[in-house]
Amino acid sequence: MTTTTTAPVAVADPAPAGAWNTPDPDRVDLGSVRVVHTRHWFRWTLSAILLFAIAQFAWSLFTNENYEWDVFAAYFFSEPVLIGIGYTLALTAVSASIGFILGTVLALGRLSKSVLLNSISWAYIWFFRSVPLVVQIIVWYNLGYLYPTLGLGTPFTTDFWIVEFPTVQLISAFAAAILGLGLHQAAYSAEIIRGGLISVDQGQQEAAAALGIPARKRLFRIILPQAMRSIIPNATNEVIGLVKGASVVFVIAIPELFYAVQVIYNRNSRVIPLLLVAVVWYTVITTILSIAQYYIERYYSRGSVRTLPPTPPQRFRQWAGAQWSRLGDDAAKAPPVVHGIPPLPIRADAGIDANEETR
Amino acid sequence: MSAITAPPTKGLVEIHNVHKAYGGVEVLSGIDLTIAPGEVVAILGPSGSGKSTLLRTINHLESVDRGSVTVDGQLIGYQQRGDKLYELREKEILKRRTQIGIVFQNFNLFPHLTALENVTEAPIDLGLLSKDAARELAQALLERVGLSDKAGHYPRQLSGGQQQRVAIARALALSPKVLLFDEPTSALDPELVGEVLDVIRDLARSGTTLIIVTHEIGFAREVADRVVFIDGGVVLEQGPPEIVLTHPEHPRTREFLAKVLA
Numbered sequence: 077m078t079t080t081t082t083a084p085v086a087v088a089d090p091a092p093a094g095a096w097n098t099p100d101p102d103r104v105d106l107g108s109v110r111v112v113h114t115r116h117w118f119r120w121t122l123s124a125i126l127l128f129a130i131a132q133f134a135w136s137l138f139t140n141e142n143y144e145w146d147v148f149a150a151y152f153f154s155e156p157v158l159i160g161i162g163y164t165l166a167l168t169a170v171s172a173s174i175g176f177i178l179g180t181v182l183a184l185g186r187l188s189k190s191v192l193l194n195s196i197s198w199a200y201i202w203f204f205r206s207v208p209l210v211v212q213i214i215v216w217y218n219l220g221y222l223y224p225t226l227g228l229g230t231p232f233t234t235d236f237w238i239v240e241f242p243t244v245q246l247i248s249a250f251a252a253a254i255l256g257l258g259l260h261q262a263a264y265s266a267e268i269i270r271g272g273l274i275s276v277d278q279g280q281q282e283a284a285a286a287l288g289i290p291a292r293k294r295l296f297r298i299i300l301p302q303a304m305r306s307i308i309p310n311a312t313n314e315v316i317g318l319v320k321g322a323s324v325v326f327v328i329a330i331p332e333l334f335y336a337v338q339v340i341y342n343r344n345s346r347v348i349p350l351l352l353v354a355v356v357w358y359t360v361i362t363t364i365l366s367i368a369q370y371y372i373e374r375y376y377s378r379g380s381v382r383t384l385p386p387t388p389p390q391r392f393r394q395w396a397g398a399q400w401s402r403l404g405d406d407a408a409k410a411p412p413v414v415h416g417i418p419p420l421p422i423r424a425d426a427g428i429d430a431n432e433e434t435r
Numbered sequence: 063m064s065a066i067t068a069p070p071t072k073g074l075v076e077i078h079n080v081h082k083a084y085g086g087v088e089v090l091s092g093i094d095l096t097i098a099p100g101e102v103v104a105i106l107g108p109s110g111s112g113k114s115t116l117l118r119t120i121n122h123l124e125s126v127d128r129g130s131v132t133v134d135g136q137l138i139g140y141q142q143r144g145d146k147l148y149e150l151r152e153k154e155i156l157k158r159r160t161q162i163g164i165v166f167q168n169f170n171l172f173p174h175l176t177a178l179e180n181v182t183e184a185p186i187d188l189g190l191l192s193k194d195a196a197r198e199l200a201q202a203l204l205e206r207v208g209l210s211d212k213a214g215h216y217p218r219q220l221s222g223g224q225q226q227r228v229a230i231a232r233a234l235a236l237s238p239k240v241l242l243f244d245e246p247t248s249a250l251d252p253e254l255v256g257e258v259l260d261v262i263r264d265l266a267r268s269g270t271t272l273i274i275v276t277h278e279i280g281f282a283r284e285v286a287d288r289v290v291f292i293d294g295g296v297v298l299e300q301g302p303p304e305i306v307l308t309h310p311e312h313p314r315t316r317e318f319l320a321k322v323l324a
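Protein chains in written order, with the working numbering: chain E, 77 to 435; chain S, 63 to 324.
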């Protein structure tokens, strides 16, 4: 282009009119030349070193006898371990439920226009975020020292003439653990939920109010479903934290997973394989929760992206479908693979199926 | 202008001496305005003149510091007993508010609901219609705004003009007597403005009272029965569009029109 001399505009000469598309013999057609990508030497070297280290570690897992995989296998499905998992899951489920329900109430309190409700919620969160969880659990377990009996009766007295219970009987070890974990969790959940609620555009609240939608429906049908997008990742963090955090209740001798393996290795001194039993189980639970998180997040992202990306199983099916349709064809006809993500399969039914599910 | 034989009887809006201040700055300084049932009023004025605030006091999204706003003689946020105004409980405000629809500048559609669900949400939540009846109504309203094929789409899958038309259908679902438009085309690309104005033009013939805050002078001239010019929190001038827009009396109206039409 730059080599062309500019002719005066007024000159009506038919020859240069078509000259712009005559191929220049010196020019290279960029569509046909080979592209040489940048070589990332540093990236390659680092990857090679890391692969070596990982391979070395994997090799040691099989060859180092100190892992005692036979002991691991013997205890992995043993009764105390399975009972321990049951306790861990029960503690997590109950205290997470208490945490999120009470947390929602506290979050609404913090967002309330009432100064009293706002201050009380703030004070609760302040207090329960300040006191270490272990201390709290021990205090709940030993509440009998502070209040020997609990009951209903005349206010501001200890005359419980309606009902009265000895505290020790009322608060078992499990109840103390649930109270401690649940109340602690509520303080953290409250801030996560509040963060989610204030992240929703004010216009949503206004539009719903202008349509006359009652406050409760506004919260549960309009605001919360949108807030869930930012609540879910943090909430899952909290639940996963709780699964492992529940191990602190060993201080009041509840036989949850970690306590169970401790009891066993204190008896047989096989510390490492038994700790591995706990680690692998915690990994399994976390994996399941992470997969659940993926699908819950996906559910709440309806409408927030134009089209949802396919789930891993859908992507695998598309890939497998593409591979299947390639079978028997000559290689040249195979569809090009871009960035490792295969294109949609050629079979019409599979294509429709995939589109339906991404709706 | 109206093709209906019997004149509409519902949708009388009376604004009396309304004052409103934000943190010491007065936005509305004594507005008086009466809008007849079925009338189409365009409110014009420079940015910050209080037009949007005035609109929002009509359905009590903003409370007023002094004065009153009534629709068909009924106060929206308050109840008068003797010489005192009692603020109503939220439930009662919400019920009265359903007589007044509003369409926002930024649409404010619910992004997690489809176009159809956006329209059915309020009638279902308020217990006015069964789910099936609400869906039927929503489908008819989407057809009226020319979007019957977009019922299953989420707002983010629609263009700005389409979103605003869904928002209009959503406001119509409660069959309001009064419809408020807060700069309905200001957030739209120029080529999408027409489709929204077409829908509003259609509504202007339906007998619903329309109060439109707008910068579209040509549209105001065409569809409004009356143009109200507001500046500095007061009504400066009002009258039929052909008079106010072509021979404005007040110098500030002239100045504003010169700028907008330039």
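From the three backbone atoms N, C-alpha and C, an ideal C-beta is built for every residue, glycine too.
Distance from the CA atom of isoleucine 174/E to the CA atom of tryptophan 237/E, rounded to whole angstroms, is 30 Å. Non-local beta-carbon contacts of arginine 283/S in its own chain, meaning distances under 6 Å to residues more than five positions away in sequence, involve Pro303, Leu307 in chain order.
Between phenylalanine 204/E and histidine 116/E, the C-beta spacing is not below 7 Å.
Using a Cβ-Cβ distance cut-off of 8 Å, the stretch 181-198 of chain E and the stretch 358-370 of chain E are not in contact, since fewer than three pairs of beta carbons, one from each stretch, lie closer than that value. One finds Glu152, Lys153, Leu156, Asp187, Leu188 in chain S with Cβ atoms closer than 9 Å to the Cβ of proline 290/E, taken in chain order.
In this structure, alanine 266/S keeps its C-beta atom at 7 Å or more from the C-beta atom of valine 240/S. DSSP lists Val289/S as the beta-bridge partner residues of glycine 301/S. For isoleucine 361/E, the enclosing alpha helix (DSSP H) covers residues 347-376.
The three-state reading of DSSP puts glutamate 144/E in coil, since its state is none of H, G, I, E or B. With contact defined as three or more Cβ pairs closer than 8 Å, the stretch 244-252 of chain E and the stretch 286-293 of chain E are not in contact.
In this structure the stretch 162-176 of chain E does not lie against the stretch 218-227 of chain E, because fewer than three pairs of beta carbons, one per stretch, are closer than 8 Å. Between the alpha carbons of leucine 192/E and alanine 199/E lies a gap of roughly 10 Å. Bridge partners of leucine 226/E according to DSSP: Phe241/E.
In the structure shown, tyrosine 148/S falls within a strand segment according to DSSP collapsed to helix, strand and coil.
Scanning its chain for C-beta atoms nearer than 7 Å, with the 5 sequence neighbours on each side dropped, one finds around valine 353/E the residues Phe148, Tyr151, Phe152, Val157, Val337, in chain order. Boundaries for valine 87/S: no alpha helix (DSSP H) harbours it, while the beta strand (DSSP E) harbouring it runs 87-97, taken from the DSSP string. Judged by DSSP in its simplified three-state form, phenylalanine 243/S adopts strand. Contact residues of the stretch 270-303 of chain E toward chain S are Asp277, Gly279, Gln280, Glu282, Ala283, Ala284, Ala285, Ala286, Leu287, Gly288, Ile289, Pro290, Ala291, Lys293, Arg294, Arg297, Ile298, Pro301, Gln302 (C-beta to C-beta distance below 9 Å). For the set Ile77/S, Gly92/S, Asn79/S, Thr96/S, the Cα lying nearest the Cα of aspartate 287/S is the one of Thr96/S. Assignment of histidine 260/E by DSSP, reduced to helix, strand and coil, places it in the helix class. Close CB contacts of glycine 258/E within its chain, under the 6 Å cut and outside five residues either way in sequence, are with Ser171, Ile174, Gly175 (chain order).
Using a Cβ-Cβ distance cut-off of 8 Å, the stretch 267-283 of chain E and the stretch 155-172 of chain S are in contact, since at least three pairs of beta carbons, one from each stretch, lie closer than that value. Annotation: proline 302/S has no Cβ neighbours in chain E at a cutoff of 8 Å; minimum Cβ distance is about 30 Å. Secondary structure in the stretch 244-273 of chain S: the alpha helix (DSSP H) runs of 4 residues or longer, each lying completely within the stretch, are 252-266 in chain order. Going by DSSP, asparagine 310/E is part of the alpha helix (DSSP H) stretching over 300-321. A direct Cα-to-Cα measurement between alanine 263/E and threonine 115/S gives close to 39 Å.
At a cut-off of 7 Å between C-beta atoms, proline 246/S does not count as an interface residue with respect to chain E. Assigned with DSSP and collapsed to three states, isoleucine 247/E falls in coil, not helix or strand.
One thing to note: proline 99/S has its Cβ within 7 Å of the Cβ of leucine 74/S.
Contact annotation for tyrosine 140/S against chain E: no contact, minimum CB-CB distance about 17 Å [criterion: below 8 Å].
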